[in-house]
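I have placed the structure first, in the form of structure tokens, so that the comments after it can refer back to it.
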Amino acid sequence: MFLSAISSSLMPQFSSHLSSAVLGVSNILHLQQFHAQLIQHALHRHDYWVARLIAFCTRFHAPSDYTCRIFDSTHQPGVMVFTNMLRYYSKCGGNSEILTLFEEMQRCGLKPDDCVYPVVIKAAGKGGVLFHSQFVKMGLDCGKYIRNALINAYGKYGPIEAGRQLFDEMTERSVADWNAIILGYWNWGSEGEAKRLFDLMPDKNVITWTTMVSGYSKMKDLENARSYFDRMPEKSVVSWNALLSGYAQNGFSEEALSLFNEMVSTGVTPDETTLVSVISSCSSCGGPAFAESVVNTLCDRGVRLNLFVKTALLDLYAKCGHLEMAQKIFNDLGVHRSSVTWNSMISAYMRTGDITAARELFDQMPEKNVVSWNSMIAGYAQNGRSSLAIELFKE
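Written out as structure tokens, the structure reads:
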């Protein structure tokens, strides 16, 4: 059907050519070249090929404007086109785009399948759990993927008991279902139930073990976190990061840096999340010089410095009194500055007694929060300017 634009005598030959060409699409440049072939042969509006193109866009993280042009090229997109576009937004877009597209899909009278609802439930945030009651009212059966999405939603937004009921009603449970309910209990601080389900779980994977490490880390129980970590049959970089961030966030800087060295020695390649934990640990152990050496080494290995890494570096420099380096990163961030970066600079200037620079930054800050106000008021008081602290407090 999708080859109807080509004469019947050419269809087998061109169909074979397309089948070969599509197998060679391995990057965004290949995708654009293949797209050009479809346009040349007037096939770029057919649902089958539009859906394939959008799937490639998702794989290669293509720009949204390019992907939207592909989607808009078909005037009456079918279920598969909508489904793939929703998947694209779930990986490369935002929740608002997903919900808008889902509404458009419903207006077109198309019936979503089990692959669509999980994406929409996740995008809907707290509203995702409302789909459950809609399914019940409509008498619709929730497929396994929908049930898993709902368990995740209940685990995140509550009530966790509703997620547990869904889990208990399942006749067959996948590893993903077990992981979802265990994570849900950790989210609600139910350590005992999370552990009980972990012990009952027949087949655990690396995500299951990592969830336990992360859960105990967030509960500040680093002894149990380390115990589960050491018992893991296999570890991913996420597993290492879970324990590493636990040490870093709970003030165990030496343990964090020791674990980082252990991680590198075992051949695991650190990522941006690893860097954030290592850098934050260096404020009390190791210092900026060590952090810089780690950053430079990992950059040489191809690790990119994302916004979170740069923010952690800025905070480290600021806390250690390296204001020139902190200010340089702050300036380079430009429009990407977060409240954390603003507050770090304000606090740093206050610590050095430069209350004028701190006040200038405070006045320039687009969206002040409680930390911003507290940093200024405490800074004024610590620098013997109580009258300015009281004046600011009254504003």
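Counting with the UniProt record's numbering, you get residues 1 to 395 for the letters of the sequence shown. Using N, Cα and C, we set each Cβ at its ideal position, and we do this for glycine too. This one's a predicted model, so the numbers in the text were calculated from it and none came from an experiment.
- A buried status is given to Val-129, since no fewer than 16 other beta-carbon atoms sit within 10 Å of its beta-carbon.
- DSSP places Asn-152 in the uninterrupted alpha helix (DSSP H) bounded by 144-157.
- Burial of Glu-255 is indicated by the presence of at least 16 other C-beta atoms within 10 angstroms of its C-beta.
- Around the Cβ of Ala-378, a 10 Å sphere holds fewer than 16 other Cβ atoms; the residue is exposed.
- Separation of the CB atoms of Ile-70 and Leu-53 is rounded to 5 Å, and the pair is thereby assigned contact status at 8 Å.
- Pairing Asn-343 with Gln-327, the inter-Cα distance amounts to about 12 Å.
- Between Asp-315 and Ser-281, the C-beta gap is not smaller than 9 Å, which leaves the two residues out of contact.
- For Arg-226, the closest alpha carbon among the candidates Arg-173, Phe-252 and Asp-332 is that of Phe-252.
- When Cβ pairs closer than 8 Å are counted between the two stretches, the stretch 298-310 is seen to touch the stretch 267-277, the count reaching three or more.
- Of Ser-245, Gln-32 and Gly-267, the smallest CA-CA separation from Leu-257 is found for Ser-245.
- In the structure shown, the three-state DSSP call for Val-268 is coil.
- Leaving aside the five residues that flank Lys-91 on each side, the residues in its chain whose CB is nearer than 6 Å to its CB run, in chain order, Thr-58.
- Burial check for His-61: the Cβ neighbour count within 10 Å stays below 16, so the residue is exposed.
- In the three-state reduction of the DSSP assignment, Gly-189 falls in the coil class, being assigned neither a helical nor a strand state.
- Straight through space, the alpha carbons of Asp-363 and Met-345 are spaced by roughly 13 Å.
- Pro-270 is the residue among Pro-270, Leu-166 and Phe-330 whose C-alpha sits nearest the C-alpha of Asn-296.
- By the C-beta density criterion, Phe-229 is buried, having at least 16 other C-beta atoms within 10 angstroms.
- Here Phe-252 carries a coil assignment [DSSP, helix/strand/coil].
- In the three-state reduction of the DSSP assignment, Phe-135 falls in the helix class, which pools H, G and I.
- Val-119 and Thr-211 have their C-alpha atoms some 22 Å from each other.
- Counting of Cβ neighbours within 10 angstroms places Arg-337 among the buried residues, the total reaching 16 or more.
- Taking a 10 Å sphere around the C-beta of Cys-108, we find fewer than 16 other C-beta atoms and assign the residue as exposed.
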